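Going letter by letter, the sequence shown gives residues 7 to 203 in the working numbering.
We put the CB at the ideal spot given by N, CA and C, even for glycine.
From a predicted model like this one, the values you see are computed outputs, not experimental measurements.
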Amino acid sequence: MSAVILTPSLVRTPNGARPADGRARVRLQSANAREALATSAQRCGATLGTLDKDAEDAPLPSNGWHWSLAHDAEWAAGIVHRGPVGIDLERIAERRPELVAPVLSEAERALLGPFDWRGFMRLWTAKEAVLKCAGVGLGELSQCRLAAPPTPDVMLLAHRGATKLVRHAFAGDHVIAVHAPGTDWTVAWPSECLVPA
């Protein structure tokens, strides 16, 4: 049996199209994420219906297809899959120091090696993708931990008593993480992405 191929999609917001108004910016980011989701659906042959969320704001399957979105000021990402799936993206940049401790335990720091923002953002996006796939929020962040030293494009996390595989790629100064249950899957990254070797 061959591995399942996940098909995330990205949409870039041009510099001139980034509204200064916060609400307008969020609407544009949301629209771009929905566009990325539609492209992912097309790439995997899915027909989506209404995109509803549960009371905890977790996406509900649409016509039997699971979906996940992520966005920031520059990129939006979407992914569709027959089973649970999570995607996250973040710009690799220095963050407030007080954000590090809740995300990166001492044991994880030892597994990651010398601290840098690229490794930290890879871990952050990996955890977000796993928690999105599980349909839970950041309330379980402390229960989602790096389980092994990462390779350039893979992280293994522990969450709810199971090992979770996360695959990474990069688009410019952004890191993208994808997670689905099991290990018999791979990612057909869009052309905007660079997968480290």
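Neighbourhood of residue i by C-beta, 6 Å cutoff - its chain only, sequence neighbours within 5 removed
i: ARG49; result: THR13
i: ASP179; result: ARG97 and ILE98
i: GLY125; result: LEU118
Supposed contact pair residue j and residue i - C-beta distance, whole angstroms, cut 8 Å
i: VAL172; j: ALA203; result: Wrong, their Cβ atoms sit about 17 Å apart, outside the cutoff.
i: GLY51; j: HIS185; result: That belief does not hold up - the Cβ atoms of GLY51 and HIS185 are roughly 21 Å apart, past 8 Å.
i: TRP73; j: LEU57; result: 7 Å
i: ALA30; j: ASP94; result: Contact doesn't hold; Cβ gap of about 23 Å is too wide.
i: THR64; j: LEU54; result: Looking at the sequence itself, residue 64 is Ala, so the reference to Thr does not match. So it is not a contact: roughly 16 Å between Cβ atoms.
i: ALA37; j: GLY84; result: Not confirmed; about 11 Å, so no contact.
Residue i, DSSP secondary structure in three states
i: GLU112; result: helix
i: LEU171; result: strand
i: PHE126; result: helix
i: LEU75; result: strand
i: SER46; result: helix
i: THR157; result: coil
i: ARG88; result: coil
i: GLU198; result: coil
Sequence-distant residues of the same chain with beta carbon closer than 8 Å to residue i, five excluded per side
i: ALA61; result: none
i: THR123; result: Just to set this straight, residue 123 is Trp in the shown sequence, not Thr. Counting only Cβ-Cβ distances below 8 Å, and skipping sequence neighbours, we find ILE98, ALA99, GLU100 and ARG101.
i: VAL160; result: LEU171, VAL172, ARG173 and HIS174
i: LEU137; result: GLY92, GLY143, LEU144, GLU146, LEU147, CYS150 and HIS165
i: THR192; result: ALA9, VAL10, ILE11, LEU12 and ARG173
i: THR19; result: LEU34, GLN35, ASN38, ALA79, GLU80, TRP81 and ALA82
i: SER68; result: LEU54, GLY55, THR56, LEU57 and ASP58
C-alpha distance - residue i paired with residue j, whole-angstrom precision
i: ARG24; j: LEU16; result: 16 Å
i: PRO120; j: MET127; result: 14 Å
i: LEU163; j: ASP27; result: 37 Å
i: CYS139; j: ILE182; result: 14 Å
i: ALA168; j: PRO187; result: 10 Å
i: HIS87; j: LEU43; result: 11 Å
i: PRO196; j: PRO103; result: 32 Å
i: ASP78; j: LEU34; result: 10 Å
i: GLY70; j: GLY141; result: 16 Å
i: ALA177; j: VAL32; result: 21 Å
i: PRO156; j: CYS199; result: 19 Å
i: VAL201; j: ALA194; result: 10 Å
The ligand ATP heavy atom lying under 8 Å from the CB of residue i
i: GLY28; result: For the ligand ATP, the structure offers nothing, since it holds no ligand at all.
Cβ neighbours of residue i in the same chain (closer than 7 Å, five flanking residues each side left out)
i: LEU66; result: ASP58, LYS59 and ASP60
i: TRP130; result: GLU96 and VAL109
- Indicate whether the contact test is met: 3 or more Cβ pairs, each with one atom in the segment 101-116 and one in the segment 140-156, closer than 8 Å. Yes, the segment 101-116 touches the segment 140-156.
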